[in-house]
Amino acid sequence: MRVAVTGATGNLGTGIVPALVAEPEVTGIVAIARRRPPGLPARTTFATADIAYSDLAPTLAGCDVLVHLAWAFQPTHDPLRTWEVNVRGGIATFEAAVRAGVRTLVHVSSVGAYSAGPGRHVDEDWPTHARPTAAYGREKSYLERYLDAFELRHPDLRVVRLRPCFVFQRPAAGEQARIFAGPLLPRTLVRPGRLPVITVPRSLRFQAVHADDLADVVRRVVTGDARGAFNVATDDVIDAGGLGEVLRTRVVTVPDTAAVLATAGAWRLRLIPSDDQLLRLLLGLPTLDSGRARRELGWRPVRTGHQALREALTGMADTAGAPTAPLHPGR
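See below:
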């Protein structure tokens, strides 16, 4: 089995590619990204491509499976650019897979595609209309709608959609700090036990999963015959109190509106890279029921969400990274 992976050098890809390399059924991997890493795992070849502009059909020729991970979070001040990469590039990638004769498409979507939650865990039948004013959710949701029609047009193509919660690992900590916090945050402040107090939006509730545990889901899907959507999340939910436990600090909650307004001002002044609409999306997200992945794939996460988040925060404080362009600690 030959597998192609877009976004192979990012947070998700650096966990997924090694998991596939270790799978005996996988005979070869085509790692696709814009910039070549300094080294490659065994049985892995590299293809330089930008999904927004490259025709991937020749690259995908001879591949049985495509795992689509490539995604641009920035620039948030230029939503047309992220739409070009994420939506138009994603659609072009799906269509290239068909032209190349790929038999299985695994698209890694996100909890961010879901509509606002009801205060309880939701399964894969919950609507995926996101928050249309948040670019991240809007783009994830649009690809979900496209795949609805895409699957009808290509019934012989096995399509799997994975909807993970927040994905953390130590090597990606620096990248995530750049994407969400920006250069003005002193990284050492996020080391557990360093801050005496933090302020947190009152409604904050989210789940986290380790990149290796997500990679295990991808491995099971690639080598199996499952179709459809799968939520990927640990059972534990991180709220304001849980975040305080991870950071070993006292937590003061503030009204959501105050947090949103502060974020909006900082983003407009270009002090932080994440905008207020992304925060609104986060505060409205449902929590995920991953029962289907457990039942049908036999998946069991090794780490809790709290453990994954703690690893990432410690990695930020240590300026951790990996030798790929997206994860390089010096960027």
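So for the sequence shown, UniProt numbering puts the first residue at 1; every next one is plus one.
Every residue, glycine too, gets a C-beta built ideally from N, C-alpha and C.
Since the structure is predicted, the reported quantities are computational estimates derived from the model, not experimental observations.
**Boundaries (first-last residue) of the beta strand (DSSP E) holding I16** = Along the sequence shown, read from residue 1 onward, the residue named residue 16 stands at position 16. Per DSSP, I16 belongs to no beta strand (DSSP E); it is in the alpha helix (DSSP H), 13-21.
**Item:** Candidates R295, V65, T188, V106: closest to G228 by CA position
**Value:** Numbered from its first residue, the sequence shown carries residue 228 at position 228. Of the residues R295, V65, T188, V106, the one whose Cα lies closest to the Cα of G228 is V106.
**Request:** Helix, strand or coil for V85, going by three-state DSSP, please let me know.
**Result:** Within the sequence shown, the letter at position 85 stands for residue 85. Three-state result, V85: helix.
**Asked** Which residue's Cα is closest to the Cα of D55: L69, V65, A100?
**Response** As a first step, residue 55 must be located in the sequence shown, where it is residue number 55. The residue with the shortest Cα to Cα distance from D55 is A100.
**Asked** Are the beta-carbon atoms of H121 and T234 separated by less than 7 Å?
**Response** Translated into positions along the sequence shown, residue 121 becomes position 121. Translated into positions along the sequence shown, residue 234 becomes position 234. No, they are not a contact pair.
**Asked** Any idea if T133 is buried or exposed, counting beta-carbon neighbours within 10 angstroms, 16 or more meaning buried?
**Response** Start at 1 with the first residue of the sequence shown, and residue 133 comes out as number 133. The residue in question, T133, is exposed, as its Cβ has fewer than 16 Cβ neighbours within 10 Å.
**Item:** Outcome for G298 when other beta-carbon atoms lying within 10 angstroms are tallied against a minimum of 16
**Value:** Position 298 of the sequence shown holds residue 298. Answer is exposed; the Cβ neighbour count stays below 16.
**Prompt:** When DSSP labels each residue in this structure, what does F46 get in the three-state scheme?
**Reply:** Within the sequence shown, numbered from 1, the residue matching residue 46 stands at position 46. Residue state, collapsed to three classes: strand.
**Segment contact flag, the segment 45-52 with the segment 69-88, C-beta cutoff 8 Å, min 3 pairs** = yes
**Item:** Minimum C-alpha distance to R300 - residue among V260, D216, V17, T223
**Value:** The count along the sequence shown starts at 1 and reaches residue 300 at position 300. Minimum Cα distance to R300 is reached at D216.
**Prompt:** Taking Cβ positions, are R205 and D236 nearer each other than 7 Å?
**Reply:** Walking along the sequence shown from the start, residue 205 turns up at place 205. Walking along the sequence shown from the start, residue 236 turns up at place 236. No. Outside cutoff.
**Message:** Does the segment 208-227 come into contact with the segment 169-176, if we say contact requires no fewer than three beta-carbon pairs (one atom in each stretch) closer than 8 Å?
**Reply:** By the Cβ test, the segment 208-227 is in contact with the segment 169-176, since at least three Cβ pairs between them sit closer than 8 Å.
**Message:** Please state the DSSP three-state secondary structure of F94.
**Reply:** Along the sequence shown, read from residue 1 onward, the residue named residue 94 stands at position 94. DSSP places F94 in helix when its eight states are reduced to three.
**Request:** State yes or no: is the C-beta of G182 within less than 7 Å of the C-beta of I272?
**Result:** Counting from 1 along the sequence shown, the entry for residue 182 is found at position 182. Counting from 1 along the sequence shown, the entry for residue 272 is found at position 272. Contact flag set, yes.
**Item:** Residues near A42 by beta carbon distance below 8 Å, same chain, minus five either side
**Value:** Translated into positions along the sequence shown, residue 42 becomes position 42. Closer than 8 Å at Cβ, skipping near neighbours: V21.
**Asked** Leaving out five residues before and five after T45 in sequence, what residues of the same chain have Cβ atoms less than 8 Å from its Cβ?
**Response** One-based indexing of the sequence shown puts residue 45 at position 45. Take T45, set aside five residues on each side of it, and the residues of its chain with a beta-carbon closer than 8 Å to its own are G28, I29, V30, A31, in chain order.
**Request:** Provide the residue(s) that pair with L162 in DSSP beta bridges, ordered along the chain.
**Result:** Against the sequence shown, residue 162 aligns to sequence position 162. L162 pairs with V108, F230.
**Request:** Following the continuous alpha helix (DSSP H) through I179, name the residue where it begins and the one where it ends.
**Result:** The residue labelled residue 179 in the question sits at position 179 within the sequence shown. Element bounds for I179: 173-180.
**Asked** How would you label G305, buried or exposed, when you count the other beta carbons within 10 angstroms and need 16 or more for buried?
**Response** Indexing the sequence shown from 1 puts residue 305 at position 305. Per the 10 Å Cβ criterion, buried.
**Message:** Using the three-state DSSP reduction, which class does A322 fall into: helix, strand or coil?
**Reply:** Against the sequence shown, residue 322 aligns to sequence position 322. Residue state, collapsed to three classes: coil.
**Message:** I'd like to confirm the pairing. Which residues does DSSP put opposite V5 in its beta bridges?
**Reply:** Taking the first residue of the sequence shown as position 1, residue 5 is located at position 5. Partner(s): A31, V67.
**Request:** Flag this pair as yes or no: are the beta carbons of T128 and V65 separated by less than 7 Å?
**Result:** Working through the sequence shown from its first residue, we reach residue 128 at position 128. Working through the sequence shown from its first residue, we reach residue 65 at position 65. Contact flag unset, no.
**Item:** Range covered by the beta strand (DSSP E) that runs through A208
**Value:** Taking the sequence shown and counting its residues from 1, one reaches residue 208 at position 208. Element bounds for A208: 208-210.
**Request:** Look at the alpha carbon of V255 and the alpha carbon of L261, and state the distance between them as a whole number of angstroms.
**Result:** As a working note, residue 255 is residue 255 in the sequence shown. As a working note, residue 261 is residue 261 in the sequence shown. Checking the displayed sequence, the identity of residue 255 turns out to be Pro instead of Val. Those two C-alpha atoms are separated by around 10 Å.
**Request:** For the alpha helix (DSSP H) containing P58, list its first residue and its last residue.
**Result:** Your numbering for residue 58 matches position 58 in the sequence shown. Note, P58: alpha helix (DSSP H), 57-60.
**Request:** Give the DSSP-derived three-state secondary structure of F73 in the structure shown.
**Result:** Sequence index remark: in the sequence shown, residue 73 carries index 73 (1-based). Of the three classes helix, strand and coil, the one that applies to F73 here is coil, per DSSP.
**Message:** Between which residues of its own chain and G244 is the CB-CB distance below 6 Å, once the five residues before and five after are set aside?
**Reply:** For the purposes of this step, residue 244 is taken as residue 244 along the sequence shown, with counting starting at 1. V251.
**Prompt:** Should P38 and P323 be called a contact, given that it needs their Cβ atoms to be closer than 7 Å?
**Reply:** Counting from 1 along the sequence shown, the entry for residue 38 is found at position 38. Counting from 1 along the sequence shown, the entry for residue 323 is found at position 323. P323 sits close to P38, with the two beta carbons spaced by under 7 Å.
**Request:** Please classify H129: does DSSP put it in a helix, a strand, or coil?
**Result:** For the purposes of this step, residue 129 is taken as the residue at position 129 of the sequence shown. Coil, per DSSP.
**Request:** Might you give, ordered along the chain, the residues of its own chain that have their beta carbon closer than 6 Å to the beta carbon of V230, omitting 5 neighbours on each side?
**Result:** Position 230 of the sequence shown, counted from the first residue, corresponds to residue 230. A quick correction: the sequence has Phe, not Val, at residue 230. So the qualifying residues of the chain are L162, R292, A293.
**Request:** Report the three-state DSSP secondary structure of R145 (helix, strand or coil).
**Result:** Residue 145 sits at position 145 when you count from the first residue of the sequence shown. In this structure, R145 counts as helix in the three-state DSSP scheme.
**Request:** Give the range of the alpha helix (DSSP H) segment to which T263 is assigned.
**Result:** Here residue 263 corresponds to residue number 263 of the sequence shown, with the count starting at 1. Start and end: 256-268.
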